[in-house]
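Using numbering that gives the first Met the number 0, read the first sequence as starting at 0 and increasing by one per residue. First comes the structure, then the notes that go with it.
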Amino acid sequence: MLRLKFRNCRLTSTPSRNYIHSNAVRSNLHSTNLKLGDLSKSGRVEEARQLFDKMPEKDEYTWNTMIVAYSSSGRLSDAKELFRRNPVKNTISWNALISGHCKNRSKDEALSLFWEMQLQGRSFNEYTLGSVLKMCASLGLLQRGEQIHGCTVKTAFDSDVGVVNGLIDMYGQCRRVSEAEYIFKTMPGERRNNVTWTSMLTGYSRNGFAYKAIECFRDMRREGTQPNQFTFPSVLPACGAVCARRVGVQVHGCIVKSGFKTNIFVQSAVIAMYAKCRDLETARALLQDMEVDDVVSWNSLVVECVREGFKEEALSLFRRMHERDMKIDEFTLPSVLNCFASSRTEMMKIASSVHCLIVKTGYGSYKLVSNALVDMYAKRGTMDSALKVFERMIEKDVVSWTALITGNGSYEEALKLFCKMRAEGGISPDQMVTASVLSASAELTLLEFGQQVHCNHIKSGFPASLSVDNSLVSMYTKCGSLEDAEAVFSSMETKDLITWTALIVGYAKNGKAKDSLEAYKLMIDNGVRPDYITFIGLLFACSHAGLTEEAQRYFESMRTVYRITPGPEHYACLIDLYGRSGDFAKAEELLNQMEVEPDATVWKAILAASRKHGKIETGERAAKTLMELEPNNAVPYVLLSNMYSAAGRQEEAANLRRLMKSRNISKEPGCSWVEGRGRVHSFMSEDRRHQRMVEIYSKVDEMMLLIREAGYEPDVSFALHDLDKEGKELGLAYHSEKLAVAFGLLAVPDGAPIRIIKNLRVCGDCHSAMKYISRVYSRHIILRDSNCFHHFRDGSCSCGDYW
DNA sequence: GTAGGGTTAG
0 MLRLKFRNCR
10 LTSTPSRNYI
20 HSNAVRSNLH
30 STNLKLGDLS
40 KSGRVEEARQ
50 LFDKMPEKDE
60 YTWNTMIVAY
70 SSSGRLSDAK
80 ELFRRNPVKN
90 TISWNALISG
100 HCKNRSKDEA
110 LSLFWEMQLQ
120 GRSFNEYTLG
130 SVLKMCASLG
140 LLQRGEQIHG
150 CTVKTAFDSD
160 VGVVNGLIDM
170 YGQCRRVSEA
180 EYIFKTMPGE
190 RRNNVTWTSM
200 LTGYSRNGFA
210 YKAIECFRDM
220 RREGTQPNQF
230 TFPSVLPACG
240 AVCARRVGVQ
250 VHGCIVKSGF
260 KTNIFVQSAV
270 IAMYAKCRDL
280 ETARALLQDM
290 EVDDVVSWNS
300 LVVECVREGF
310 KEEALSLFRR
320 MHERDMKIDE
330 FTLPSVLNCF
340 ASSRTEMMKI
350 ASSVHCLIVK
360 TGYGSYKLVS
370 NALVDMYAKR
380 GTMDSALKVF
390 ERMIEKDVVS
400 WTALITGNGS
410 YEEALKLFCK
420 MRAEGGISPD
430 QMVTASVLSA
440 SAELTLLEFG
450 QQVHCNHIKS
460 GFPASLSVDN
470 SLVSMYTKCG
480 SLEDAEAVFS
490 SMETKDLITW
500 TALIVGYAKN
510 GKAKDSLEAY
520 KLMIDNGVRP
530 DYITFIGLLF
540 ACSHAGLTEE
550 AQRYFESMRT
560 VYRITPGPEH
570 YACLIDLYGR
580 SGDFAKAEEL
590 LNQMEVEPDA
600 TVWKAILAAS
610 RKHGKIETGE
620 RAAKTLMELE
630 PNNAVPYVLL
640 SNMYSAAGRQ
650 EEAANLRRLM
660 KSRNISKEPG
670 CSWVEGRGRV
680 HSFMSEDRRH
690 QRMVEIYSKV
700 DEMMLLIREA
710 GYEPDVSFAL
720 HDLDKEGKEL
730 GLAYHSEKLA
740 VAFGLLAVPD
750 GAPIRIIKNL
760 RVCGDCHSAM
770 KYISRVYSRH
780 IILRDSNCFH
790 HFRDGSCSCG
800 DYW
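Printed below as a string of structure tokens:
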């Protein structure tokens, strides 16, 4: 009000001569300032500097425009120097300088200018906050961003829509979607502009919340806000991510109507969307119709062709890019390299020529390209080449490590690499590497390690991912921790075939046949089609629970309902079941009916059945085939020799043992291990290497005493042959699994289950002892042997004494 | 008339 009055006053008074003169100068200055601004905007900084130096008179605007010219072209020290010399500094001068540092990602400098500004008594405003927030967003500086958020609340700038937009974007880019959502939802609806909507949408889309992104797009239009060239490239990837082609087509229609059709960002996103929705034809046609050869659009199509397995098409696109003299970039090459990761060996020649091209063109120094090279070599099993590329990389990121970890054939090596990645610092695991490491932990049955990876993943704040959740379900079942597997399973919003199958197989291997079949029923009710693996789980469950009729029914439905040809694994389960339930003839009949070549698993089942039924002839056939299939396996020798002994054919038994010796085949030594406090404690039979050996042996003695009182009788048929009775009993007492359980009783806290893993099948005497131990000590003992899990609780075992 | 906020390709 005051200012208005003052202005009016000036306007009504008669202008003096001096005033007219100064007005003329001002108008001259004004037009030069505008010229300076134009030069700055078009990036002609040197010309701007020359003009600035020549100007006889300068005002605030002149100085600020020149600071902007330097600042936005990255000449930060020039900007700073000019800022220092500027006699008419104002808030805009500060903002211009800070914005330059923010755009240049000089975060320390930018933030210290931000604080310095305030120390010098100059308050920041909505523009300052906007710049700094954008920098926090693009660098993922969550803590700084939160600090700035605090400033906006204290100074009430959080009512400025530009600042709010910056906050939403910052939280979105720092993967804090719920914070972004909270700010978005609590602001008055009428204040949201299209930047607000687009920022929220982008937050959803980038963080894997595709459906929410699509919903956000609909709400935006419903509220009457027009989407623009920024909105479309954000919503389209969300449609692609969930294969929502119909929604994608609607968005496409909206684009055509809105006139953003020719925008290169929009167009490339449309092509990518169709390609992701497996409509390569439309994608190809759109690419053909484009007025310019846009490398991004071509790249998206190459990527999708690779993903859909059309390698030839991808390579031909790549060739055509060459022919059209398009600039191949660091995004084209990784997709092309992906073609070779899983291709035939003949293709490696082309792969080598692409690698040469990369070296020649200097693209080897691009992270994306090197990552793809590491990935390709690792997946092809040429780890030395992969490591060579990896070690030469200056800046390794989580993708580089993932390529190395996932491609590695050895699980142990994979975990070591993962630990190394964590130890070298600065790199936090993402969903891809988490899923991969969880699978490796599962294969090695490292529950504690898997749990740590799980905890880390929760803390990381990544949204739910199907592949991580599936790996978790699988890891927990493979480590015998069904409660945890169930907890993850029931927390999952979407489940796929892999999820259900992991649970079905998991229950089966943990002796929970009923739950396994129940889960199968639920899966079918949920409209999920079973596959080859699902049926292995189901038949395994049936065979271990003696459910002959059910097994036959499932086996039939495999072929008749789901058109899946049964494989050797399925036959092995059924043969095992018949053998065990006493129907040897059926087992043999099934063997002869097999459409596929029987493998070692099938012959092992036949051998076990023959042994149980004393069918030496079939046993001989099975054992001999097994000796050929697995020349280093001692099992067929031992089992057949035992069958001879049992039939009183001692000489043949001895011959077989001699043959075994002459072929240098020995029984794989039994080994049991317990995981504890980040260490694996392993025990062999009569092992005396452990640090707490004395304690462990006296615990074994106590154990044996207590369980004998409870009714346990040692079964010396499982002991070595050439000892007297007492020696045999002692030998039994110090079997690896008994040492492991004794250690577990000493080291595992009361109430927690003792988890043991054994490389071979558990010995019959140990199995019986474990049952007693679980009762006498009131402990849940979980023993995973080479075949399945045994949950010993209160004197009985989940396997129903069959393994 | 000077300063801030949203976008595509692995």
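We put the beta carbon where it would ideally sit given N, CA and C, even for glycine.
- For MET683, the secondary structure class from DSSP, reduced to helix, strand or coil, is strand.
- Under the rule that a run must span 4 or more residues, the alpha helix (DSSP H) segments found entirely inside the stretch 468-528 read 481-490, 496-508, 512-524.
- DSSP assignment within the stretch 613-667 yields no whole beta strand (DSSP E) run of 3 residues or more.
- With a threshold of 16 other beta carbon atoms within 10 Å, LYS737 meets it and is buried.
- Around the beta carbon of HIS543, 16 or more other beta carbons sit within 10 angstroms, so the residue counts as buried.
- A straight line joining the alpha-carbon of VAL398 with that of ASN370 spans about 7 Å.
- Under the three-pair Cβ rule at 8 Å, the stretch 647-655 does not count as touching the stretch 699-713.
- A check of alpha carbon separations from GLU588 across THR600, LEU573, ASP598, ALA240 identifies LEU573 as the nearest.
- With a 10 Å radius around the Cβ and a threshold of 16 neighbouring Cβ atoms, CYS173 comes out buried.
- Beyond the five residues adjoining it in sequence on each side, LEU28 comes within less than 7 Å, by CB distance, of GLU56, ASP58 in the same chain, given in chain order.
- Our two residues, LYS275 and ALA540, have alpha carbons roughly 38 Å apart in a direct line.
- Inter-residue distance for ARG610 and ALA621 is about 11 Å (C-alpha atoms, whole angstroms).
- Secondary structure of ARG244 (DSSP, three-state): helix.
- Measuring C-alpha to C-alpha distances from THR230 to each of ARG244, SER777, ASN32, SER257 identifies SER257 as the nearest.
- Classified as buried, LEU576 has 16 or more neighbouring CB atoms from the shown chains inside 10 Å of its CB.
- Sequence-distant Cβ neighbours of THR600 in its own chain, meaning closer than 7 Å and more than five residues away, are PRO567, GLU568, ALA571.
- Looking at the DSSP output, CYS796 shares a beta bridge with PHE791.
- Taking 8 Å as the upper bound for CB-CB distance, LYS106 and MET134 are in contact here, some 6 Å apart.
- Judged by DSSP in its simplified three-state form, LYS106 adopts helix.
- Ranked by Cα distance from ARG662, the first of LYS79, VAL673, VAL637, ASN631 is ASN631.
- According to the DSSP assignment, CYS355 belongs to the alpha helix (DSSP H) that extends over 347-360.
- The continuous beta strand (DSSP E) containing ILE753 extends over residues 753-757.
- Around the beta-carbon of MET692, fewer than 16 other beta-carbon atoms lie within 10 Å, marking it exposed.
- Buried is the label assigned to SER671, since at least 16 other Cβ atoms lie within 10 Å of its Cβ.
- For the pair MET54 and LEU81, the CB atoms are not nearer than the 9 Å cut-off.
- For THR476, the closest of PRO462, GLY536, THR61 by C-alpha to C-alpha distance is GLY536.
- The C-alpha of PHE317 lies about 13 Å from the C-alpha of PHE309.
- In the structure shown, the three-state DSSP call for ARG678 is strand.
- Residue pairing by DSSP places VAL673 opposite HIS680 in a beta bridge.
- Here the stretch 415-429 makes no contact with the stretch 162-182; the two share fewer than three CB pairs at distances below 8 Å.
- By the neighbour-count criterion, in which a residue is buried when 16 or more other Cβ atoms sit within 10 angstroms of its Cβ, ASP374 is buried.
- The C-alpha of LYS260 lies about 40 Å from the C-alpha of MET347.
- Between VAL699 and ALA741, the CB-CB gap stays under 9 Å.
- Every unbroken stretch of the alpha helix (DSSP H) spanning 4 or more residues and falling wholly within the stretch 569-600 is given here in chain order: 583-592.
- Judged by DSSP secondary structure, LEU782 falls within the beta strand (DSSP E) whose first and last residues are 780-783.
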